[in-house]
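In our numbering, the protein residues as written are 27 to 225.
For reference, the structure is listed below as structure tokens.
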């Protein structure tokens, strides 16, 4: 929670659409924003170190002798570097997370917008460009069909239909083509266990 009347909600990418529907049904207006980058987190940590009130406290007589010994043996740069490392060692390393695309409720989109998006999709799969293939552990024998596979891939993987190329159905598995530029984002969104949740 932040200021009065303002709350922060952290949502994994594969649960975003469900959360949007929940907020809309509750009549709540949400503004989506990206989490701070790893560089932003490190910069804020450094600012906290610089602003620590310990730097404004006077040096005591008991401390002065040891301070002089440290400076004499290691020099000011090495002592300062050791202090910074000690401060940072107590904090977990930040991670770079997925960027968040701006959300426009479906009811607010112009009627021509959805058809325009469909027109932008490649009409020929052999014109799809650089891509990455991956397999799903379901096939024709498990009644796998593109009409439910594609929405699940988009929802869970944080991509749109335009980033999906050919889908090749086999008896026990399905091969899916993803645009190369979106492959890293897709695999990061579905997580290290590489599971697609059908929800």
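By construction, the Cβ of each residue, glycine as well, lies at the ideal position given by its N, Cα and C atoms.
- In this structure, 114 is the residue among 114, 206 and 104 with its C-alpha nearest to the C-alpha of residue 69.
- Under the rule that a run must span 3 or more residues, the beta strand (DSSP E) segments found entirely inside the segment 156-203 read 157-162 and 190-195.
- A straight line joining the alpha-carbon of residue 190 with that of residue 52 spans about 32 Å.
- DSSP, reduced to helix, strand and coil, places residue 209 within a helical segment of the structure shown.
- If the five residues before and after residue 176 are omitted, its C-beta is found closer than 7 Å to the C-beta atoms of 187 and 190, all from its own chain and listed in chain order.
- In the structure shown, the three-state DSSP call for residue 36 is coil.
- Taking every protein chain shown into account, the CB of residue 202 has 16 or more other CB atoms within 10 angstroms, so this residue is buried.
- Ranking 67, 48 and 168 by CA distance to the CA of residue 118 puts 67 first.
- Taking the Cβ atoms as the reference, residue 93 lies roughly 13 Å from residue 80, outside the contact range of under 8 Å.
- With distances taken between CA atoms, residue 58 lies nearest to 37 out of 76, 37 and 75.
- Note on geometry: alpha-carbon atoms of residue 159 and residue 195 lie some 13 Å from one another.
- Across the structure, residue 107 and residue 83 are spaced so that their CA atoms are roughly 20 Å apart.
- A straight line joining the alpha-carbon of residue 102 with that of residue 60 spans about 39 Å.
- The residues 181, in chain order, have a CB closer than 8 Å to that of residue 43 in the same chain once the five nearest residues on each side in sequence are set aside.
- Only residues of its own chain outside the window of five on either side were considered, and among them 199 have a CB closer than 7 Å to the CB of residue 163, listed in chain order.
- Just so you know, the alpha carbons of residue 78 and residue 111 end up roughly 15 Å apart.
- Rounded to whole angstroms, the gap between the alpha carbons of residue 185 and residue 96 is 55 Å.
- Runs of the alpha helix (DSSP H) spanning 4 or more residues and lying entirely within the segment 44-111 occur at 64-76, in chain order.
- Rounded to whole angstroms, the separation of the alpha carbons of residue 167 and residue 46 is 34 Å.
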